[in-house]
Structures are given as structure tokens and as C-alpha cells.
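Residue numbers (this note's numbering): 1364 to 1433.
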């Protein structure tokens, strides 16, 4: 068994959110918003439509589905 010391985090600190990466790789820009239940990432597309980033990652929405929130 390996040992962990306080402050040891290994590679986890360098992991990027896969939904955010997917958004950027598909032409979107991630917008993190503070909502009542915490921070939520939205993928905003060139046409100004947007999807919650995990919904986009799962294929539940796509560019053009929903206009951006004011």
C-alpha cells in the first residue's frame, strides 16, 4: 500500500472537466454561473444558443436548441 501525505494530490489536480473540454472542442465557450444550488457550467455557442455543459456532453441538447439566458 502506498502512503498519502497531507497536500499530496497526484495528478487529480491536473484533471479538466470533460464536459468543459467537450464544449470547447466543439466550438463552444464555457460560462460558469452561480445558481441557488451552486455553480453550473453552460456551453454557449456562436449562434448565442446554450446548453448546460453536461447535457451537451451527454448529447441531450445541441447548438440552436435553446437561446442564451439574459
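Using N, Cα and C, we set each Cβ at its ideal position, and we do this for glycine too. Predicted model only: the values in this text are computed from it and were never measured.
query: Residue 1382 to residue 1394 span [Cα, whole Å]; result: 12 Å
query: Which of helix, strand or coil DSSP assigns to residue 1423; result: coil
query: Under 8 Å between C-beta atoms of residue 1419 and residue 1385; result: yes
query: Identity of the residue in 1417, 1412 and 1411 nearest residue 1404 by Cα; result: 1417
query: Minimum length 3: unbroken beta strand (DSSP E) runs contained in the segment 1387 to 1418; result: 1392 to 1398, 1401 to 1407 and 1413 to 1415
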